[in-house]
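*Asks:* This is the structure I have questions about; it appears just below.
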Amino acid sequence: MRVIFMYSKEKPRKGSSQATLPQPLVAFKGSRSLFLTQRSSQDELANAPSISVLELRNEDVELPESDESLYWCKIFKLDDFVQKHHLVRYEPVFDSTTSVLYLNHIILYECQGLSKELEMLSRQRGQPCFRLQPMHCNTVVANWARGSDGFTFPAEAGYPLESHQATYYMLETHYNYPDYTYDFSPFYRKNLSKQQQNMNINARDTQSPTTDDSAGRRDGTEEEDVPVEEDDESDMMMEQQMVDNSGLKLFYTRKLRQYDAGVLSVGLDPNWRHIIPPRQEKVVSEGHCIGGCTQRAFPREGINIFAVMSRTHLIGRQVKLRQVRGNAELQPIMHDTNIDPSYQDYRRLASPAKVLPGDSLVAECIYDSSSRKSITLGGMTTREEICLILTLYYPRQRELTSCHSLPSLPTVLHSLGIEELASRSRSSSPNCVPNGDHLETFITAEGIPLRAQPQPQRLPSVQYKSFIDTFWGNTRNGYTMARHEQDLW
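Residue 1 is where the sequence shown starts when you use UniProt numbering, and the numbers rise one by one after that.
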């Protein structure tokens, strides 16, 4: 549900029998998407004597200065959990009124192993994620996305924190240069500090929050309304904090709960082979977690999914998590018919969904590309698209953390009407098979040679219209490469 609100500095007249609304031209207007039935107070949890708090924050990350995405990764060493603890709650910690506009998501991963490289990286301030070598940091612990206030685990489960099982953790932060015309109006930026106080956002450049609901001065008196001069407003708009120190706040306890919780990601592997043609009102993509994977990984009694988060980017419209057992399709575990890219939060299920070994899970995403003039490729930047569903479940199993599928390269080429694929590499023979974006390749599609760019960048110029009728059948029902990430213990 999207809640639309409006308020101003003028207080309602006392004794007035009729309600008076603020003047629209001078009032602050805004909106926010919410799951109204899933809002919960954290006062009891925060004040519990058995709860400890740990903050994991970035260190002076330079914010992007142009229309680009930045994935920043920082390694933390947590060797203080000598005995097992349970993570029972996490929430974002925002650094400033400026940097919060850049944040797209923050994900905490668990890393396997005790390598010297992890130890060295844990002493550094972090770096762009693409510079890191694969380090088996693929197990999701906590995931915050724009619009979320965090997540509280149910009373029967908590995520296990245990140093002898996992000592190193990776914090991945996705920054986007703000599109003020899309997400935020200038008036919203001017009032963001007040908005932060309502959302319990921590900001270094604002006063410490008070216990008084009026958010007034430190002495408890109500803050007077001070008119904003035009020059001051311009200064506020020009003021920029060019670095960010946001992160996650973890609430954990030594009082263990009945079950260890885990996170399983289902969907399409974020890759350029995920192709969405332009000018289409409805485009369906599917990511499969096949029964062979769940048969191998899940315990005999199965797992219980209690919360689900769907993830798409700007043109995602609907997401469904389907469950197939044998030859029968069961009721969807989750079906969101109104995706909001600025609000992607965990949705608690009314009752846990049981998934047995051998069951297949299908992440189905529907996109509206009618506003796009060229093909949209799969990938992690906001301009690209993803189709992922994160599920929280218990009891935790360590065999399967990501269960993604991906159309095979021959299927994609055939679906696009590509007749020939050749390569020219300085380091390879003329007869070698192309192996990624680093080879100088060219494609002949419908008799049109495409030589200018590496293969994924050339795809938007492919003449897809002549074979759009057969594209979906080939990519949805053709050969796929199912892959799963396995924890190494």
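Ideal placement from N, C-alpha and C gives every residue a C-beta, glycine not left out.
Given the structure is predicted, the values throughout are model-derived calculations rather than measurements.
(1) Could you tell me which whole beta strand (DSSP E) segments of length 3 or greater appear in the region 123–182?
(2) Tell me the rounded alpha-carbon separation between K373 and V412.
(3) Determine the direct distance from the alpha carbon of W144 to that of E384, and round the result to whole angstroms.
(4) Just to confirm, is the Cβ distance from A156 to Y259 under 8 Å?
(5) Please list, in chain order, all residues of the same chain as K320 whose beta carbon is under 6 Å from its beta carbon, the five residues on each side excluded.
(6) Using three-state DSSP, classify P352 as helix, strand or coil.
(7) Tell me the start and end of each unbroken beta strand (DSSP E) in the region 317–346 that is at least 3 residues and wholly inside, in chain order.
(8) Residues in its own chain within less than 7 Å of L132 by CB, not counting five upstream and five downstream?
(9) Beta strand (DSSP E) containing L103: first to last residue?
(10) G262 bridges to which residues according to DSSP?
(11) Three-state secondary structure (DSSP) at R2?
(12) So, with DSSP's three-state summary, where would you put R311?
(13) I think S103 touches Y175, with their Cβ atoms under 8 Å apart; what is that distance to the nearest whole Å?
(14) Can you list, in chain order, the residues of its chain whose CB lies under 6 Å from that of V324, leaving out five sequence neighbours each side?
(15) Applying the 10 Å Cβ sphere with the 16-neighbour rule, what's the burial state of I4?
(16) With DSSP collapsed to three states, give me the class of C387.
(17) Going by DSSP, which residues form a beta bridge with K74?
(18) Excluding five sequence neighbours on each side, which residues of the same chain lie with their C-beta closer than 6 Å to the C-beta of N200?
(19) Please determine, among P64, P92, V61, E65, the residue with the shortest C-alpha to C-alpha distance to E55.
(20) So Y343 packs on L392, CB below 8 Å; how close in whole Å?
(21) Whole angstroms are fine: how far does the CA of P178 sit from the CA of L101?
(22) Rounding to the nearest angstrom, what Cα-Cα distance links T97 and Q127 in this structure?
(23) Which value, in whole angstroms, describes the spacing of the CA atoms of P22 and L356?
(24) What do you reckon, are the CB atoms on M170 and I75 nearer than 8 Å?
(25) Would you kindly report the start and end of the unbroken beta strand (DSSP E) that includes L409?
(26) What distance in whole Å lies between the Cβ atoms of N245 and R57, which are believed to be in contact at a cut-off of 8 Å?
(27) Hey, how far is the Cα of S371 from the Cα of M380?
(28) So, helix, strand or coil for K29, using DSSP?
(29) Quick one: residues in its chain with C-beta nearer than 6 Å to the C-beta of Q83, no 5 flanking neighbours on either side, listed in chain order?
(30) What is the DSSP secondary structure of G377, reduced to helix, strand or coil?
*Replies:* Answer, in terms of the structure:
(1) Counting only runs of 3 or more, we get 139–145, 157–161, 168–176.
(2) Distance between the alpha carbons of K373 and V412: 20 Å.
(3) Cα to Cα, E384 sits roughly 20 Å from W144.
(4) Inspection of the sequence shows that residue 156 is occupied by Glu rather than by Ala. For E156 and Y259, yes; Cβs fall inside 8 Å.
(5) Here the set comprises P332, H335, E364.
(6) Three-state DSSP puts P352 in a strand.
(7) You should have 334–336.
(8) If the five residues before and after L132 are omitted, its C-beta is found closer than 7 Å to the C-beta atoms of C73, all from its own chain and listed in chain order.
(9) DSSP places L103 in the uninterrupted beta strand (DSSP E) bounded by 103–110.
(10) Residue pairing of G262 in beta bridges, as defined by DSSP: Y393.
(11) Reduced to three states, the DSSP call for R2 is strand.
(12) If DSSP states are grouped into helix, strand and coil, R311 belongs with the strands.
(13) Here the sequence assigns Leu to residue 103, which means Ser is not the residue at that position. Rounded to whole angstroms, the Cβ separation of L103 and Y175 is 7 Å, and the two are in contact under 8 Å.
(14) The beta carbon of V324 sits closer than 6 Å to the beta carbons of S360 from its chain, once the five residues preceding and following it are set aside; these are given in chain order.
(15) By the neighbour-count rule (16 or more Cβ atoms within 10 Å), I4 is not buried but exposed.
(16) In the structure shown, C387 sits in coil (DSSP, three-state: anything other than H, G, I, E or B).
(17) L171, per the DSSP bridge assignment.
(18) Low local confidence applies: a pLDDT of 42 at N200 is under 50, so the model's placement there is unreliable, with the coordinate-based value given in what follows. Short of 6 Å from the beta carbon of N200, and not among the five residues preceding or following it, lies no beta carbon of its own chain.
(19) The candidate whose alpha carbon is nearest that of E55 is P92.
(20) With a Cβ gap of about 18 Å, Y343 and L392 do not count as contacting.
(21) Rounded to whole angstroms, L101 to P178 spans 6 Å at the Cα level.
(22) If you take the alpha carbons of T97 and Q127, they lie about 23 Å apart.
(23) One C-alpha to the other measures close to 55 Å.
(24) Closer than 8 Å, so yes.
(25) It is not in any beta strand (DSSP E) - L409 instead sits in the alpha helix (DSSP H) that spans 409–415.
(26) The beta-carbon separation of R57 and N245, rounded to 5 Å, stays under the 8 Å limit for a contact.
(27) One C-alpha to the other measures close to 20 Å.
(28) K29 falls in the strand class under three-state DSSP.
(29) Shown here for Q83: not one same chain residue has a beta carbon closer than 6 Å to its own, the five before and five after excluded.
(30) Just to set this straight, residue 377 is Leu in the shown sequence, not Gly. Under the three-state reduction of DSSP output, L377 falls in the strand class.
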